[in-house]
Amino acid sequence: MINVTLPDGSVRSYESPITPLEIATSISEGLARNVLAAKVDDQIADLTSPLKKDCHLALLKFDDVEGKKTMWHSSAHLMAEALESLYPGVKFGIGPAIDGGFYYDIDCGEHTISEKDFGAIEKKMLELASTKSPYVRKEISKREAIAYFKEKGDEYKLELLEDLEDGTITFYTQGGFTDLCKGPHIPNTGFIKAAKILKVAGAYWRGDEKRKQLTRLYGITFPKQKMLTEHMHLLEEAAKRDHRKLGKALELFAFSQNVGQGLPLWLPKGAELRERLEQFLKKAQVAAGYDPVVTPHIGSKKLYETSGHYEKYGEDSFQPIKTPDQDEEFLLKPMNCPHHCEIYKTKPRSYKELPVRFAEFGTVYRYEQSGELHGLTRVRAFTQDDAHIFCRADQVEEEFKKVIDLVLYVFKALDFKEFTAQISLRDKTDKEKYIGSEENWNKAEAAIINAAKEKGLQTVVEYGEAAFYGPKLDFMVKDALSRSWQLGTIQVDYNLPERFDLTYIGSDNQKHRPVMIHRAPFGSMERFVAVLIEHCGGQFPLWLTPNQAAVIPVSEKYNDFAQKLSKLLKNYEIRALVDDRNEKVGRKIRDNELNKIPYMLVVGEKEMQTNTYQVRKQGKGDLGTFSLDAFAEIINNDINSSIGD
RNA sequence: GCCGAUGUAGCUCAGAGGUAGAGCACUUCCUUGGUAAGGAAGAGGUCUCGGGUUCAAUUCCCGACAUCGGCUCCA
Numbered sequence: 001m002i003n004v005t006l007p008d009g010s011v012r013s014y015e016s017p018i019t020p021l022e023i024a025t026s027i028s029e030g031l032a033r034n035v036l037a038a039k040v041d042d043q044i045a046d047l048t049s050p051l052k053k054d055c056h057l058a059l060l061k062f063d064d065v066e067g068k069k070t071m072w073h074s075s076a077h078l079m080a081e082a083l084e085s086l087y088p089g090v091k092f093g094i095g096p097a098i099d100g101g102f103y104y105d106i107d108c109g110e111h112t113i114s115e116k117d118f119g120a121i122e123k124k125m126l127e128l129a130s131t132k133s134p135y136v137r138k139e140i141s142k143r144e145a146i147a148y149f150k151e152k153g154d155e156y157k158l159e160l161l162e163d164l165e166d167g168t169i170t171f172y173t174q175g176g177f178t179d180l181c182k183g184p185h186i187p188n189t190g191f192i193k194a195a196k197i198l199k200v201a202g203a204y205w206r207g208d209e210k211r212k213q214l215t216r217l218y219g220i221t222f223p224k225q226k227m228l229t230e231h232m233h234l235l236e237e238a239a240k241r242d243h244r245k246l247g248k249a250l251e252l253f254a255f256s257q258n259v260g261q262g263l264p265l266w267l268p269k270g271a272e273l274r275e276r277l278e279q280f281l282k283k284a285q286v287a288a289g290y291d292p293v294v295t296p297h298i299g300s301k302k303l304y305e306t307s308g309h310y311e312k313y314g315e316d317s318f319q320p321i322k323t324p325d326q327d328e329e330f331l332l333k334p335m336n337c338p339h340h341c342e343i344y345k346t347k348p349r350s351y352k353e354l355p356v357r358f359a360e361f362g363t364v365y366r367y368e369q370s371g372e373l374h375g376l377t378r379v380r381a382f383t384q385d386d387a388h389i390f391c392r393a394d395q396v397e398e399e400f401k402k403v404i405d406l407v408l409y410v411f412k413a414l415d416f417k418e419f420t421a422q423i424s425l426r427d428k429t430d431k432e433k434y435i436g437s438e439e440n441w442n443k444a445e446a447a448i449i450n451a452a453k454e455k456g457l458q459t460v461v462e463y464g465e466a467a468f469y470g471p472k473l474d475f476m477v478k479d480a481l482s483r484s485w486q487l488g489t490i491q492v493d494y495n496l497p498e499r500f501d502l503t504y505i506g507s508d509n510q511k512h513r514p515v516m517i518h519r520a521p522f523g524s525m526e527r528f529v530a531v532l533i534e535h536c537g538g539q540f541p542l543w544l545t546p547n548q549a550a551v552i553p554v555s556e557k558y559n560d561f562a563q564k565l566s567k568l569l570k571n572y573e574i575r576a577l578v579d580d581r582n583e584k585v586g587r588k589i590r591d592n593e594l595n596k597i598p599y600m601l602v603v604g605e606k607e608m609q610t611n612t613y614q615v616r617k618q619g620k621g622d623l624g625t626f627s628l629d630a631f632a633e634i635i636n637n638d639i640n641s642s643i644g645d
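Every letter in the first sequence is one number past the one before it in our numbering, and letter 481, counting from 1, is 481.
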């Protein structure tokens, strides 16, 4: 007999061996029909693998994240089976489950798979699924496994096998398809009731751009057709929030082929919004002890040779600017830090004045690969809300914490609640690619980890993601299609102070090396605005939005009165437009609703007589009648609740 | 940079080997209105660009450029 503890704490006794599926059946038929995998003492397992000793058991359904992942992983195998049947001779790389489904990397030789083929693949998958073929696990010797894939001619699987130890290798077979796989899987293909191939893309074998590019097919499956329909609807809704779409519709920014790829043009409304964001941060930075500085858009090539960036990135950047003097070369500024280092060096510094904090909204230029450009999130000219803090080693942690506070303040004002703080540390196995002493790195990494912990951040640690000159803390936010982008960033740098020979005089009257912290709460204005647009679906916080209110005269007779009102609103620091088009009220309301204008004031005879206004809130409808003072108060309350003042 | 797809009016999209269409937006006129689309007329296109095939190419083929989805990269 073994004792099995279920998630609710209850303990059941069974004759050993017994499978999780049998236990599910013993609980209820319905459960047995819906259960996909088992979690045995924190290990996900097949429902059919026997339990031989006391354990904790959770039965996973599609609602459970692990259940979903198991089903999607099994679906990758099903897609592979379909592909093999449609395109004989296709070879397989890896096929994992991911957050929104699964993919499989395949090599289909001469044949190219395109969107036209998706329908046939989906159909084949469902056809194979309907046979309810069980996923059969088999432990196999390495020799046999190699023989199998040699016979099949699949060099990718053979390469994967090289890294596996004999005795740990398992195969899974469903229907006519066998794959190298450690599992687990759902009991049989019958659970897959709806399948959709989502996209096709190239992907380098093992993520190495020097190796062959395989075809990556992305898909998703569901246990119910209705769930797929809902999912596709959700994706469509998300696509409507795409900042590229909204940026165009709301006339915030544009690109022109005549100007160049990845070089954004800020339109008046977008520039106004950006300006407001800058003012907001500048104010916060003055309060936090930053000194504004301004530096040019180009700098001597030598400056970047000193910083080490030319050596590392020069080849792939915008090329040096030539001058009449042959010996001179300049670079478009790819970063602000070297300039700020030179500002630091303009005079001797005492330990008493540290930390000094130089802040600049500095526009930088980087030649990003053409395939990487993406709306405003990845461009070739962008403005960083940059600042560099020069401090003593003993001040690093304190300064770091202050910057975290600033980032959190910014995120709160813009209602960014969902973000992850990513701590990027050195690659544990390859410390060669980093500049700086072991001791300094250890200190910096510890300082970041401590600061993040003390500020109560939810963090993920990524090894190997650090910059070459120091560890960093990045604030990651997802876009409408759940792609993750880095916004705020804080980076410790022991390298540049060294390279620029920065010093300060300590209390001991000796020269010491300051530590530098790079930081940007927004990251870049471009990317931040992009993510902000998607985050709020184009409906910006009231304090930011270009037009806070629309004055709508009911007929042309009241246009003058509407103009007068908008001037009055200006006195209250309320930004209002007058919609004096020759259209009916209903039409004007509709258009201003669609343009996401937060408030509307309809004016006609009644308003002119009484000096009170009917206020309508975007998306909410009529709020009632207000005096101008009362309306201004609504707006001010709204603003204060987001940025305080 | 690599793999795949796409490129027609300001926007969203139809279309076909015989030099182009819809809806919205725009302009003008009528209408002067009370809370999510009033009516009529008009204007708007080197069908991304460059080659080739053809009597004829925006359509078929090749190339470039740009955009989109990924991969790699991201100071």
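Cβ coordinates follow ideal geometry from the N, Cα and C atoms, glycine included.
Selected residue, minimal CA-CA separation from residue i, among the options
i: Leu501; options: Thr189, Thr346, Phe92; result: Contrary to the premise, residue 501 reads as Asp rather than Leu in this sequence. Checking every option, the nearest Cα to that of Asp501 belongs to Thr346.
i: Thr377; options: Leu273, Lys511, Glu272, Phe522; result: Phe522
i: Lys157; options: Ser350, Asp105, Glu22; result: Asp105
i: Asp560; options: Val603, Arg519, Asn571, Ala549; result: Val603
i: Lys301; options: Thr323, Leu281, Val294; result: Thr323
i: Phe626; options: Gly175, Gly619, Tyr599, Ser641; result: Tyr599
i: Leu406; options: Gln395, Asp385, Ile423; result: Asp385
i: Ile2; options: Ala58, Glu66, Leu51, Val35; result: Leu51
i: Glu498; options: Arg527, Gly436, Lys199; result: Gly436
i: Arg581; options: Val551, Ile574, Ser566, Glu139; result: Val551
i: Gly219; options: Ala387, Ala82, Glu155, Asp316; result: Ala82
i: Lys212; options: Val585, Phe475, Gly93; result: Gly93
i: Ala194; options: Trp72, Ile597, Leu160; result: Trp72
Delimiting residues of the beta strand (DSSP E) encompassing residue i
i: Lys142; result: First-last for Lys142: 142–152, but that is the alpha helix (DSSP H), not the beta strand (DSSP E).
i: Ala58; result: 55–60
i: Ile18; result: Looking at the DSSP string, Ile18 is not in any beta strand (DSSP E), and its letter there is neither H nor E.
i: Lys301; result: No beta strand (DSSP E) holds Lys301; the alpha helix (DSSP H) holding it covers 301–307.
i: Glu360; result: 356–365
i: Ile197; result: 194–204
i: Gln618; result: Careful: Gln618 lies outside any beta strand (DSSP E) and carries neither H nor E.
i: His233; result: Per DSSP, His233 belongs to no beta strand (DSSP E); it is in the alpha helix (DSSP H), 225–240.
Residue range of the alpha helix (DSSP H) that includes residue i
i: Asn636; result: 628–643
i: Trp72; result: 65–86
i: Phe280; result: 268–287
Bridge partners - residue i, DSSP secondary structure assignment
i: Glu209; result: Glu209 pairs with nothing; no bridge assigned.
i: Gly101; result: Ile98
i: Asn188; result: Pro134
i: Pro553; result: Val603
i: Gln257; result: Answer is none; Gln257 lacks a bridge partner.
i: Pro292; result: Ala359
i: Glu218; result: The amino acid at residue 218 is misidentified as Glu; the sequence shows Tyr. Bridge partners of Tyr218: Tyr103, Lys199.
i: Trp485; result: Val477
i: Asn3; result: Ser13
Neighbourhood of residue i by C-beta distance below 8 Å, restricted to the same chain and skipping five residues each side
i: Lys269; result: Leu250, Glu251, Leu252, Pro546
i: Ile589; result: Ile552, Met600, Val602, Arg616
i: Glu399; result: Pro355, Ile389, Cys391, Ile517
i: Pro454; result: Per the sequence shown, residue 454 should be read as Glu rather than Pro. Within the same chain, Glu454 has close Cβ partners Lys401.
Same chain, Cβ closer than 6 Å to residue i, neighbours up to 5 away in sequence not counted
i: Leu425; result: Glu445, Tyr463, Ala466, Pro471
i: Ala393; result: Val515
i: Ala203; result: Asp105, Leu214, Arg216
i: Val403; result: Ile490, Arg519
i: Pro541; result: Ser642
i: Ala632; result: Tyr572
i: Gly190; result: Lys132
i: Val356; result: Phe390
Same chain only: Cβ atoms within 7 Å of residue i, ignoring 5 sequence neighbours per side
i: Tyr409; result: Ala284
i: Tyr365; result: Phe318, Leu332, Lys333, Pro334, Arg380, Ala381
i: Pro184; result: Ala37, Ile44, Ala45, Asp46, Thr70
i: Lys53; result: Ile2
i: Ile140; result: Ile169, Thr170, Phe171
i: Ala289; result: Per the sequence presented here, residue 289 reads as Gly, with Ala not at that position. So the list reads Arg357, once near-sequence residues are dropped.
Anticipated Cβ contact below 8 Å, residue i with residue j, distance rounded
i: Ile44; j: Glu66; result: 5 Å
i: Thr19; j: Ser49; result: 7 Å
i: Gly262; j: Glu368; result: 6 Å
i: Val492; j: Val396; result: 7 Å
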